[in-house]
Every structure is written in structure tokens, then in C-alpha cells.
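*Asks:*
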Amino acid sequence: MSSTPWGDDPPPDDGSTHPTDDPPAGPPGPVEIAYKPVGAMTFGDHLCLSYDSDRERRAVLAAYLRDGLAADHKVIYLSDDRPAEVVLAWLAADPGVGGLDLSAALADGRLVVRTAEEAYMATGLFDPDEIIALMATEIELALVQGFRGVRLTGEETFSLRGWPGTERFAEFERKIDQVFHTSRVDAMAICQYDRRWFGGPLLRDLESCHRGRVRIDDHFDNGTLRITPTFTPPGLVLAGAIDESTCPAVLEALRTTGSRAGHICLDLSALEFCDMAGLRALVGAGRTSTGMERQVILREPPEHLAMMMRLAGWDSLPGVYVEEVAR
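Once you know that position 316 of the sequence shown is 316 in full-length UniProt numbering, the rest is easy, because the numbers rise by one and skip nothing.
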């Protein structure tokens with residue numbers, strides 16, 4: 001590498017997604033913490049995954065892993081304390097992995113799993129600058145091995161263990177974010193934060209060390225309607241218009257979501273239009289493919305849509321709860 005561990009020289013033009021303009025110098029100013037779909041991540045992204053649902057976390061990471069292996073990226077997973085075989089079994093249980101042979105990927109080096117102790121505490125001290133230099137070496141090695149880039153992800157609960165030096169963890173996050181932002185690096189990273197362990201003020205501070213948050217990919221988006229899965233509570237966010245052209249996508253999303261037990265929440269706050277066929281599909285979302293009835297919560301429908309349901313008498317159907325916003 002060149003003068004810094006991460007390199008100052010631009011890489012050859014290989015069709016990657018690096019920006020063409022020179023990166024700004026100096027520390028970044030305040031930035032809005034926005035969400036980015038995991039499938040839209042590009043080199044230079046340093047994003048956080050703040051979660052309180054293990055299912056959400058696994059869905060995001062399974063997509064990240066799947067996309068990385070498909071793009072010929074080396075994927076490095078840093079676990080809190082789980083061994084590789086446990087991490088692989090956990091990831092393989094997500095449908096998004098799509099039958100990938102993760103054991104083969106581990107064996108041939110396309111996937112690397114290390115514990116936090118192995119990755120960060122080899123010297124017995126958590127040293128941000130030393131770890132950043134080691135990461136730079138890891139990325140350089142992957143490129144020499146012929147990979148097109150590197151995907152990093154780490155479970156950050158180890159930072160709460162009180163190991164020597166981990167009081168500098170926020171410093172590490174700020175420094176690595178600055179490196180990703182100001183260097184042309186063939187890598188991206190997702191930092192995993194469990195909201196059940198990280199308190200509000202600490203979590204907000206650590207989130208601010210990232211350029212944004214990562215979320216699950218949209219189930220559907222054709223410019224007219226966007227359907228995004230949610231996990232807490234389980235359900236869907238529907239934004240745009242449900243009409244003859246988009247209703248089949250709604251039915252498919254409901255079928256997918258309907259395969260899970262438990263109530264379902266449909267966030268309609270960004271729904272601008274819905275015809276009667278679409279509305280019928282929404283209120284019928286409580287019927288699952290197994291014939292089991294469950295409650296469907298229609299959250300914050302627009303006023304005109306709530307009126308349509310009242311006129312049709314669908315707001316009082318068994319198993320349907322309309323959660324209207326106070327007006």
C-alpha cells in the first residue's frame with residue numbers, strides 16, 4: 001500500500017463504485033443518519049445495524065453475505081464469541097442465503113469467521129490504530145489474492161466486556177469511519193449493535209460514528225409502490241399507490257409475510273392511493289396460508305383510506321384493527 005495503511009492512490013478503473021471527485025479533507029461535519037438498503041451498499045460504506053430483532057439482523061447479514069460472495073468479495077465476519085460453525089449454522093437458517101454452501105466458502109477462504117478476541121485482542125490490548133492497520137493489511141491481502149473487494153461485519157457487544165482498551169471503542173469507530181470516508185478503499189463494513197445491550201445515549205453516540213444505518217432490502221419497488229419488510233413489529237411498510245398494476249406485488253408480499261405465525265402490522269402512513277381490490281387484500285391479510293386467523297393491524301392509514309374502510313364496514317371485521325393517527 002502507499003503512504004497510509006489504506007492507501008492514498010485511486011484504484012484502477014475497474015467499474016467499481018468509488019466516487020470520481022476528490023474526497024473532502026478534514027473531519028466530517030454533522031451528518032443525518034439515513035437508512036440504506038443492504039443491497040445498495042458500495043465500497044466506502046461504513047454503516048451500522050442497530051437491531052432489537054435477531055430475525056432482522058440475520059436477514060440483513062444473510063443478504064450482505066450472499067451479495068458479497070456473488071460479487072467475488074471476501075467476507076469477514078467478526079463474532080462476539082461464537083465459533084465459526086455456530087455462526088454458519090445461524091446464517092444458513094435464513095432463506096436469503098439461498099442454499100449457498102457456507103462451509104465450502106469458509107474452507108476456500110471466501111468467508112472468514114473470527115471471534116472478537118482473536119481479531120482485536122491478540123496483544124491483550126484494544127488499540128484502535130493497531131486494529132485499523134491490521135484491517136488495512138487484511139484488505140490488501142484479499143486484493144492480492146484476487147478478490148474484487150472485502151466485506152467486513154462485526155458484532156460489537158464485545159466492547160461492553162471491559163477488556164483493556166475497549167474504553168476507546170468509540171474512538172476506533174470514529175477513526176475507521178474517517179478512513180472509509182476519505183480513502184478510496186475496496187471495502188465496506190456493517191457494525192452490529194444490539195439495542196437490548198447498548199443504552200440509548202451510548203448507542204446514539206456510536207451510531208453517529210457511521211455514515212448511515214443499513215436496513216433490509218425492499219421486497220418490491222417499481223417507482224409506483226415500495227414494499228419494505230419490518231421486524232419490530234413484523235409486517236410491511238407500503239408507500240406509494242396500490243392499483244391494478246401493483247396489487248399482485250402486494251398479494252405476493254402478503255403471502256410471504258403470511259407464512260409466519262403471529263400478528264402482522266401493515267404501515268400505511270405513506271400510502272397515497274389504494275383501490276378497492278388492494279384494500280380488500282390488506283384487510284384480508286390476517287388469513288394465512290395454513291388457514292389460521294390472526295390479527296392484522298392497519299397502522300395510520302390516510303384519512304380517505306380510513307373512510308373507505310368505514311363505509312365498507314371493513315374496519316370492524318374480526319381480526320382487523322385500524323390504528324388511526326389522531327387528527
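Even for Gly, the Cβ is constructed at its ideal location relative to N, Cα and C.
Quick check on the DSSP output: what are the complete alpha helix (DSSP H) runs of length 4 or more inside the stretch 80-123, in order along the chain?
*Replies:* DSSP runs (the alpha helix (DSSP H)) wholly in the stretch 80-123: 84-92, 102-107, 116-120.
*Asks:* Would you kindly check if the distance between the Cβ of Ile-139 and the Cβ of Lys-175 is under 8 Å?
*Replies:* Going by C-beta atoms, Lys-175 is not nearer than 8 Å to Ile-139.
*Asks:* Only counting the same chain, and skipping five residues up and downstream in sequence, which positions put a Cβ closer than 6 Å to that of Phe-169?
*Replies:* Hits under 6 Å: Ser-159.
*Asks:* Using DSSP bridges, identify the partner residues of Leu-238.
*Replies:* Ile-227.
*Asks:* Alpha carbon to alpha carbon, how far is Glu-323 from Leu-254?
*Replies:* Going by the C-alpha atoms only, they are around 19 Å apart.
*Asks:* Nearest-angstrom Cα distance between Thr-230 and Ala-105?
*Replies:* Their Cα atoms are separated by approximately 30 Å.
*Asks:* For Asp-127, collect the residues of the same chain with a Cβ closer than 7 Å to its Cβ; drop the 5 residues on either side in sequence, then sort them by chain order.
*Replies:* Here the set comprises Gly-165.
*Asks:* Can you find the residues in the same chain that come closer than 7 Å, C-beta to C-beta, to His-73, ignoring five residues on each side of it along the sequence?
*Replies:* Closer than 7 Å at Cβ, skipping near neighbours: Phe-147, Arg-148, Gly-149, Val-150, Arg-151.
*Asks:* Applying the criterion that 16 or more other CB atoms from any shown protein chain within 10 Å of the CB defines a buried residue, is Leu-88 buried or exposed?
*Replies:* Result: buried.
*Asks:* Which value, in whole angstroms, describes the spacing of the CA atoms of Thr-137 and Phe-273?
*Replies:* Their backbone Cα atoms lie some 52 Å apart in a straight line.
*Asks:* Assess, as a yes-or-no matter, whether the stretch 229-249 is touched by the stretch 205-212 under the definition of 3 or more beta carbon pairs within less than 8 Å.
*Replies:* Taking 8 Å as the limit for Cβ pairs, the verdict is that the stretch 229-249 does not touch the stretch 205-212.
*Asks:* Would Arg-114 and Leu-69 qualify as a contact pair, given that the criterion is a beta-carbon distance under 8 Å?
*Replies:* No, Cβ-Cβ distance for Arg-114 and Leu-69 is not below 8 Å.
*Asks:* Measuring CB to CB, does Val-237 end up less than 8 Å from Asp-267?
*Replies:* In contact: Val-237 and Asp-267 (Cβ atoms closer than 8 Å).
*Asks:* Going by C-alpha distance, which of Pro-248, Val-250, Asp-218, Leu-305 is nearest Ala-59?
*Replies:* It is Asp-218.
*Asks:* Could you tell me which residues DSSP puts in a beta bridge with Tyr-77?
*Replies:* According to DSSP, Tyr-77 bridges with Val-113, Thr-153.
*Asks:* Go ahead and label Arg-66 buried or exposed: buried means 16 or more other beta carbons lie within 10 angstroms of its beta carbon, across all protein chains shown.
*Replies:* With 16 or more other Cβ atoms within 10 Å, it is buried.
*Asks:* So what's Glu-207 in DSSP terms, helix, strand or just coil?
*Replies:* Note: Glu-207 maps to helix in three-state DSSP.
*Asks:* List, from N- to C-terminal side, the alpha helix (DSSP H) runs of 4 residues or more that fit wholly inside the stretch 128-194.
*Replies:* For the stretch 128-194, whole alpha helix (DSSP H) runs of length 4 or above, ordered along the chain, are 128-144, 169-182.
*Asks:* Is the separation between the beta-carbon of Gln-192 and that of Glu-156 shorter than 8 Å?
*Replies:* Going by C-beta atoms, Gln-192 is nearer than 8 Å to Glu-156.
*Asks:* Just mark Ser-269 as buried or exposed, buried being the case when its beta carbon has 16 or more other beta carbons within 10 Å.
*Replies:* Exposed is the call here.
*Asks:* Could you give the residue range of the alpha helix (DSSP H) that holds His-304?
*Replies:* Element bounds for His-304: 303-312.
*Asks:* Specify the secondary structure class of Ser-269 as computed by DSSP and reduced to three states.
*Replies:* Strand, per DSSP.
*Asks:* Whose CA, out of Trp-314, Trp-163, Ala-93, Lys-36, lies closest to the CA of Glu-118?
*Replies:* The shortest C-alpha separation from Glu-118 is found at Trp-163.
*Asks:* Looking only at C-alpha atoms, which of Leu-271, Thr-224, Val-144, Asp-80 sits nearest to Arg-299?
*Replies:* Nearest option by C-alpha distance: Leu-271.
*Asks:* In whole angstroms, what separates the C-alpha of Glu-252 from that of Arg-215?
*Replies:* Straight-line Cα distance between these residues: approximately 21 Å.
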